[in-house]
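FYI, in the numbering used here the residues of the sequence shown are 2 to 142.
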Amino acid sequence: MCYFFQLSISISGFSADIEFTYDRVTWFGAFDACVAKQRVFTFPIAAKHFRLVMLKMTKKTVWVEYFRYEIGWVGHAGVQKLTIAWENPEDENATVGSCAILKPTGMLSARNCMEYHFAACMNPNLFEARRRQLPSQISKG
């Protein structure tokens, strides 16, 4: 009984770190919608955060900060080669300018960035603590 109580407290504490927008927004509007909630629009960085998004996700689909450039899919700090399950294998090579949504199955799908979906937002402290730095951002010394 006590273990369950501690577990529920820790889940509720972590769950405050992940929120979703109240309304559907375009991918570009997700940045402002998350800021209005004092959160940042980002891709769930660590496996723990990804599982938390999946646990809290009651929406059909949510935008994640993942954009298709010429060089590949780009997330929170540059090119990412994540172990991602794409709903359709061809989505991994989607047209430049596509954006990604996350489905309740944990799979991503490439979409037109002007579609309307809810967006996943993360506590900025978690984002900064887990953000991957580009080589030019790492201080020497």
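Heads up, the beta-carbon is just placed ideally off N, CA and C, and yes, glycines get one too.
Checklist entry - From Gly73 to Ala17, what distance separates their C-alpha atoms? => result So the alpha carbons of these two residues sit roughly 31 Å apart.
Checklist entry - In terms of alpha-carbon separation, which member of Pro90, Cys114, Trp87, Gly107 lies closest to Gly147? => result The structure shown does not extend to residue 147, since the chain spans only 2 to 142, so no value can be given for it.
Checklist entry - Should Thr59 be labelled buried (16 or more other beta-carbon atoms within 10 Å of its own) or exposed? => result It counts as exposed.
Checklist entry - Can you give the Cα-Cα distance for Thr62 and Trp87, rounded to whole angstroms? => result When rounded, the distance between both Cα atoms is 14 Å.
Checklist entry - From the DSSP output, which residues share a beta bridge with Cys100? => result Paired residue(s): Phe68, Arg112.
Checklist entry - What is the C-beta distance between Asp92 and Leu103, in whole angstroms, given that I count them as a contact (C-beta under 8 Å)? => result Not a contact, Cβ separation roughly 12 Å.
Checklist entry - What are the boundary residues of the beta strand (DSSP E) that Trp74 is part of? => result Secondary structure note for Trp74: its beta strand (DSSP E) is the uninterrupted segment 73-76.
Next on the checklist: Assuming Ala174 is part of the alpha helix (DSSP H), what are its boundary residues?
Outcome noted: No statement about residue 174 is possible, as the shown extent of the chain runs from 2 to 142 and does not include it.
Item to check | Neighbour-count burial assignment, Ala37, 16 or more Cβ in a 10 Å radius | outcome: Answer is exposed; the Cβ neighbour count stays below 16.
Next on the checklist: Could you give the first and the last residue of the continuous beta strand (DSSP E) run that contains Phe21?
Outcome noted: Per DSSP, Phe21 belongs to the beta strand (DSSP E) from 19-21.
Item to check | Spatial distance of Tyr117 from Cys100 (CA atoms) | outcome: Roughly 12 Å between the two C-alpha positions.
Checklist entry - In terms of residue numbering, what span does the alpha helix (DSSP H) encompassing Ala86 cover? => result Element bounds for Ala86: n/a, residue is neither H nor E.
Checklist entry - Based on Cα-Cα distance, which residue from Arg112, Asn94, Arg25 lies nearest to Glu71? => result Nearest C-alpha to Glu71: Asn94.
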